[in-house]
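Asker:
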Amino acid sequence: MTENPHRCWGSPFTDADITEAHATGRLLTMELELSRICNLRCIYCYAESGEKLAHEISFEEITDVLDQGKALGVRKVIVLGGGEPMAYPRILDVLRAIHDRGLAIELFTNGTLLTGEIVSEFLRLGVHPVIKCNSLKPGVQDRLAGRKGTFEAIRKGFDLLRETGYPTADLSLGAQTIICEQNYDELPSMWRWLRSRQIIPYFECITDQGRAKGQINLAVAPEKLRSLFSELSRIDAEEFGIHWEPKPPVAAFTCRRHLFSCTVTAVGDVIPCPGVDIPAGNIRDKSLREIIADSEVFQNLRNIRQTIKGECRTCDLSRECYGCRGMAYNATGDYLASDPLCWRNSGAENDQELPIAAAKIIPHRESMLLINELVEAGNGAGKATARLDADAIVAAPSSAVDPLTFVELAAQTYAAVKGWEIIRDGGKFPIGYLVGVQKFEAHAGAMVGDDLTISVETAGEFEGFAVVQGSVHRGDTCLADLKIKLWVPPDTEAVP
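In this text, residue positions in the sequence shown follow this note's numbering: the first is 1458, and each later residue adds one.
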């Protein structure tokens, strides 16, 4: 059983890389638009690309911002084009400039303007191409692209890349596909077609912007997205040995770009991503470092775990997922709102069922919340899971976890058991307090990133006090046995 090696959208980086970049305010990737020139007129295009804009950035400004990005820690540049990158007159010069700075290159292109010479240069420069391909049916592809003959041109682009050697052991080949009503029924078979050819599928939800805004019968409803993502996850697990949790906005991926990336548009504006197209500044006026450091939008998104709102804040996947910020922004006007296309926010799941996210049933906020999920509960006993992050309040610089953390894990697990019982019956979780430790025996230590299981059961209750005994395990290894005393004020106002 293997995990998907490409799980983080746009990121080859480890959790440690991302944590360090987030803690120091550095970048790992930069998305770069070159021009809005495009030879297609895709009906869903976020940028409404086609013609060159007035005052587009020059080649010299592009190389200058590459230098600024590298100084900020950028290790990979994602060339979006804004329009079609291969229609940009100096595209190979840009790719060479990125390569000469020792940066990795991912290039999103519709593939229709590729030639054998260009693809050979891709190989030499280490380019990871992603071809925009929305259907294996000529009529559907051409209709979505707004140009007849697009299907055949895209297929020729794919053939050129594969004939030249893509994908290689070191250079991936991907296909970006917009999920819409027009291609919905064929997407499972298209997923198999791509996977069987070692082409990475990037199947993503449409954001309500650009040409897609207001179009009828284009975007897919949350329940249909849920069905599709579940089917794609099943196909990957059963047929390709790749395992991932179904969640939007990109199948088999987790978007984490807001922790370490930015987008520079074709006119020099710096925005968080193409979906959250709120200019924080322009590279012609201020440095990239100043723009990001001084931007409230960037800082809110860098700290998304604390600033996100609504159901996304308490979702059981909130520690690894924040939905699509672009969809939230374009649909609601608030880039911190819950993702309106996520079925997890649509009432499709029963909040009373186990397992359940701990954040939904105990009053601890992000800074102190240590357990992830309550997985078992009943008759005053239960079991929870926890994986402590490097930025957890209990983590030491050595990545060791303070053994006394096991006491807090047990207290939070008991709070989750009681909270789940109260919420199941229509109430709200109460305020409670850990007041004493009657027994604590630590047998082994834990490190950041360890998967822990915490079990508790009620040993006795009297006048608002509870004595709880429990244990903390890592796999089959018992890390600690303990007995603690808690107080739940009987008449205290519940936390909303």
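Every residue gets a Cβ at the ideal spot worked out from N, C-alpha and C, and that includes glycine. From a predicted model like this one, the values you see are computed outputs, not experimental measurements.
Please list the segments of the alpha helix (DSSP H) lying wholly inside the region 1564-1646, counting only runs of 4 or more residues, in order along the chain.
Answerer: 1573-1582, 1595-1602, 1607-1621
Asker: Compute the Euclidean distance between the alpha carbons of Gly1906 and His1821, then round it to the nearest angstrom.
Answerer: Take the alpha-carbon of Gly1906 and the one of His1821: they are about 20 Å apart.
Asker: Kindly indicate which residue of Asp1472, Thr1471, Asp1642, Lys1670 has the alpha-carbon position closest to the one of Ile1500.
Answerer: Lys1670
Asker: Considering Ile1941, what are the terminal residues of the beta strand (DSSP E) in which it resides?
Answerer: 1934-1944
Asker: How is Met1825 classed by DSSP in three states: helix, strand or coil?
Answerer: coil
Asker: I need the DSSP call for Ile1475, collapsed to helix, strand or coil.
Answerer: Three-state DSSP puts Ile1475 in a helix.
Asker: Of the residues Pro1705, Val1721, Asp1627, which one's Cα is nearest the Cα of Ile1535?
Answerer: Of Pro1705, Val1721, Asp1627, the smallest CA-CA separation from Ile1535 is found for Val1721.
Asker: For Arg1558, I'd like the list of residues in its chain whose CB is within less than 8 Å of its CB, leaving aside the five on either flank, ordered along the chain.
Answerer: Correct list, in chain order: Leu1523, Asp1524, Lys1527.
Asker: At 3 residues or longer, and completely inside the region 1682-1737: list those beta strand (DSSP E) runs for me, N to C.
Answerer: 1726-1728
Asker: Return helix, strand or coil for Pro1542, following the three-state DSSP convention.
Answerer: In the three-state DSSP reduction, Pro1542 falls in the helix class (H, G or I).
Asker: Could you check which residue in Ile1514, Trp1877, Gly1583, Leu1489 has the C-alpha nearest to that of Ala1626?
Answerer: Gly1583
Asker: What are the boundary residues of the alpha helix (DSSP H) that Leu1552 is part of?
Answerer: 1548-1557
Asker: For Glu1477 and Ala1544, what's the separation of their Cα atoms in angstroms?
Answerer: 37 Å
Asker: Measure the beta-carbon distance from Trp1877 to Ile1828 and round it to whole angstroms, keeping in mind my assumption that it falls under 8 Å.
Answerer: So it is not a contact: roughly 12 Å between Cβ atoms.
Asker: Taking contact to mean 3 or more Cβ pairs, one atom from each stretch, closer than 8 Å, check whether the region 1679-1699 and the region 1729-1745 are in contact.
Answerer: no
Asker: Under a three-way DSSP split, which group does Leu1811 fall into?
Answerer: Coil, per DSSP.
Asker: Rounding to the nearest angstrom, what Cα-Cα distance links Lys1613 and Ser1856 in this structure?
Answerer: Taking the CA atoms as reference points, Lys1613 sits about 50 Å from Ser1856.
Asker: What residue does the beta strand (DSSP E) around Glu1505 start on, and which one ends it?
Answerer: From DSSP, Glu1505 is part of no beta strand (DSSP E); its letter is neither H nor E.
Asker: Ordered along the chain, which non-local residues of its own chain (more than five positions away) have a Cβ less than 8 Å from that of Ile1588?
Answerer: Thr1566, Asn1567, Gly1568, Ile1611, Gly1614, Phe1615, Leu1618, Leu1630, Gly1631, Ala1632, Gln1633
Asker: Quick check on the burial criterion: 16 or more other C-beta atoms within 10 angstroms. Buried or exposed for Lys1956?
Answerer: Absent from the structure is residue 1956, since the part of the chain shown begins at 1458 and ends at 1953.
Asker: Between Arg1649, Ser1592, Gly1606, Leu1549, which lies nearest to Gly1698 when the distance is taken from Cα to Cα?
Answerer: Arg1649
Asker: Give me the residue from Glu1638, Ser1492, Pro1595, Tyr1659 with the minimum Cα distance to Asn1674.
Answerer: Glu1638
Asker: So, Thr1910 versus Thr1862, is the Cβ gap smaller than 8 Å?
Answerer: no
Asker: With burial defined as no fewer than 16 other Cβ atoms inside 10 Å of the residue's Cβ, what is the status of Asn1836: buried or exposed?
Answerer: Counting Cβ neighbours within 10 Å, Asn1836 comes out exposed, since fewer than 16 surround it.
Asker: Whole angstroms is fine: what's the gap from His1969's alpha carbon to Val1894's?
Answerer: Lying outside 1458 to 1953, the shown extent of the chain, residue 1969 is not represented and no answer is given.
Asker: Under 8 Å between C-beta atoms, does Asp1627 make it to chain C?
Answerer: The question asks about chain C, but that chain is absent: this structure has only one protein chain.
Asker: Which partner residues does Thr1842 have in the DSSP bridge list?
Answerer: Note: Thr1842 sits in a beta bridge opposite Glu1830, Thr1910.
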